[in-house]
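Taking it in order: structure first as structure tokens, then the write-up.
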Amino acid sequence: MNKILFSSLSKKFVMALAGLFLLMFLPVHLIINLMLLKSDPVPFNRAAHFMATFPVVKIVEIALIAAILIHISWGIFLQIQNWLARPVGYAGGNKSETSFFSRFMIWTGASVLTFLVLHFFNFYFIKLGLVPGDPENFYSVAHNLFKISAYNYIYLICFVLLGLHLFHAFSSAFQTLGLNHRIWTPVVKVFHRIWTPVVKVFALIYSILIPAGFAYISLTLWLFR
Ligand code: HEM
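Its first residue numbered 12, the sequence shown is counted upward by one per residue in the working numbering.
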């Protein structure tokens with residue numbers, strides 16, 4: 012029993028580490044993508060070229076793809092384990108705020124995964140030579156893509172679901188890694204009382220700002236370019 016608990020805890024731990032890595036990737040991706048709003052394609056294409064060719068970034072990219080795969084497969088595995096352990100749910104339902112968000116994590120996560128598959132066909136697979144397109148001109152690829160209304164609708168819906176996933180993911184990763192408050196409790200009790208809401212507020216700001224930033228790019232390219 013202990014072994015099972017430990018192994019599922021360690022899976023959660025690895026999943027949280029991979030998730031935190033992904034949380035760090037998104038602001039970088041957003042900042043680079045904001046260059047798509049310039050009328051000059053050179054800065055964005057230069058940045059994309061740098062990201063595609065600089066050796067250190069290439070190593071980070073391999074780590075990123077590995078983190079995505081680990082995060083997704085462990086997530087699905089833990090969810091199935093949960094369902095098998097508790098097939099009929101809690102009697103009377105579990106109405107806590109945490110369980111409300113965590114119950115939907117598998118579904119918001121699945122939406123982000125669906126988005127990623129589409130997104131890779133739109134961009135990343137061009138870089139890998141699997142889909143036709145010019146990897147040296149992602150600026151035009153993005154501008155042409157967001158001229159199509161259907162893509163904007165799909166992307167915008169996915170950004171909202173991404174926001175919901177990120178909000179719970181953020182606090183949950185902190186909790187799993189013990190960064191939320193447990194390690195601080197013996198040190199300063201007051202800090203413990205402040206730290207948890209700080210994580211929550213930061214999670215809220217992050218999960219609104221990041222998807223809103225991506226949505227702003229999509230909307231601007233669609234409606235104003
Ligand atoms: C307006 C929204 C977005 C645009 C225009 C966009 C654009 C791009 C482009 C041009 C690439 C390939 C070029 C490159 O490697 O630099 C790319 C790759 C990628 N995007 Fe996005 N992206 C958007 C949103 C997102 C979101 C919300 C996520 C995550 C949920 C995401 C995850 C990724 C990943 C994992 C890669 C592959 C890794 C990489 O090449 O760096 N993107 N995106």
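Even for Gly, the Cβ is constructed at its ideal location relative to N, Cα and C. Fair warning: this is a prediction, and the values are worked out from it, not measured in the lab.
- Please determine if the region 172 to 189 and the region 19 to 29 are in contact, where contact requires at least 3 C-beta pairs separated by less than 8 Å. Taking one beta carbon from each stretch, the region 172 to 189 and the region 19 to 29 have 3 or more pairs nearer than 8 Å; the two touch.
- Close Cβ partners of Ile117 (< 8 Å) along its chain, the five nearest in sequence each way excluded: By one-based count along the sequence shown, residue 117 stands at place 106. Cβ neighbours of Ile117 beyond the five flanking positions: Gly86, Ile87 and Gln90.
- Exposed or buried, which one is Tyr166 when buried takes at least 16 other CB atoms within 10 Å? Locating residue 166 in the sequence shown gives position 155, counting from the first residue. It is buried - the Cβ of Tyr166 has at least 16 other Cβ atoms within 10 Å.
- Beta carbon of Thr119 nearer than 7 Å to that of Leu172: Locating residue 119 in the sequence shown gives position 108, where the first residue counts as 1. Locating residue 172 in the sequence shown gives position 161, where the first residue counts as 1. For the 7 Å CB-CB criterion, Thr119 and Leu172 form a contact.
- Message: Given this structure, state the Cα-to-Cα distance separating Thr64 from Tyr150, to the nearest angstrom.
- Response: Within the sequence shown, the letter at position 53 stands for residue 64. Within the sequence shown, the letter at position 139 stands for residue 150. Thr64 and Tyr150 have their C-alpha atoms spaced approximately 17 Å apart.
- Task: For Val123, count neighbouring C-beta atoms within 10 Å of its own C-beta (all shown protein chains included) and say buried if the count is 16 or more, exposed if not.
- Result: Working through the sequence shown from its first residue, we reach residue 123 at position 112. Here Val123 is buried. Its C-beta has 16 or more other C-beta atoms within 10 Å.
- Query: What's the gap between the Cα of Gly224 and the Cα of Arg97?
  - Reply: Here residue 224 is taken as the residue at index 213 of the sequence shown, counted from 1. Here residue 97 is taken as the residue at index 86 of the sequence shown, counted from 1. Going by the C-alpha atoms only, they are around 38 Å apart.
- Express the C-alpha separation of Leu95 and Met62 in angstroms, rounding to a whole number. Indexing the sequence shown from 1 puts residue 62 at position 51. Indexing the sequence shown from 1 puts residue 95 at position 84. One C-alpha to the other measures close to 42 Å.
- Closer than 6 Å: is that where the CB of Phe149 sits relative to any heavy atom of the ligand HEM? Looking up residue 149 in the sequence shown gives position 138. Shortest gap from the CB of Phe149 to any heavy atom of the ligand HEM: under 6 Å.
- Item | Boundaries (first-last residue) of the alpha helix (DSSP H) holding Val71 | Stepping through the sequence shown from its first residue, residue 71 is reached at position 60. Bounds of the alpha helix (DSSP H) holding Val71 are Pro66 to Ala96.
- Can you give me the Cβ contacts of Leu48 inside the same chain, cut-off strictly under 7 Å, excluding the 5 residues immediately before and after it? In the sequence shown, counting from the first residue as 1, residue 48 sits at position 37. Correct list, in chain order: Ile228 and Thr231.
- Query: If you drop the 5 nearest sequence neighbours on each side, which residues of the same chain put their C-beta closer than 7 Å to that of His82?
  - Reply: Here residue 82 corresponds to residue number 71 of the sequence shown, with the count starting at 1. Cβ within range, chain order: Met26, Ala29, Gly30 and Leu33.
- Message: What I want to know is whether the C-beta of Ala153 ends up closer than 6 Å to one or more non-hydrogen atoms of the ligand HEM.
- Response: Residue numbering aside, residue 153 sits at position 142 when the sequence shown is read from its first letter. The answer is yes for Ala153.
- Query: If Glu147 sits next to His60, beta carbons under 8 Å apart, how far is it from one beta carbon to the other, in whole angstroms?
  - Reply: For the purposes of this step, residue 147 is taken as residue 136 along the sequence shown, with counting starting at 1. For the purposes of this step, residue 60 is taken as residue 49 along the sequence shown, with counting starting at 1. 6 Å between Cβ atoms; contact.
- Considering only residues of the same chain and omitting the five flanking positions on each side of Leu156, which have a CB-CB separation below 7 Å? In the sequence shown, the residue the question calls residue 156 occupies position 145. Here Leu156 has Asn133 and Tyr162 as same chain residues with Cβ atoms under 7 Å from its own Cβ, once five neighbours each way along the sequence are excluded.
- DSSP state of Asn148 mapped onto helix, strand, coil: Along the sequence shown, one-based indexing puts residue 148 at 137. Taken through DSSP and simplified to helix, strand or coil, Asn148 comes out as coil.
- Just the Cα atoms here: how many angstroms apart are Ser50 and Lys138? Here residue 50 refers to the residue found at position 39 of the sequence shown. Here residue 138 refers to the residue found at position 127 of the sequence shown. Our two residues, Ser50 and Lys138, have alpha carbons roughly 23 Å apart in a direct line.
- Whole-angstrom C-beta distance between Thr187 and Lys1, which should lie under 8 Å: Absent from the structure is residue 1, since the part of the chain shown begins at 12 and ends at 236.
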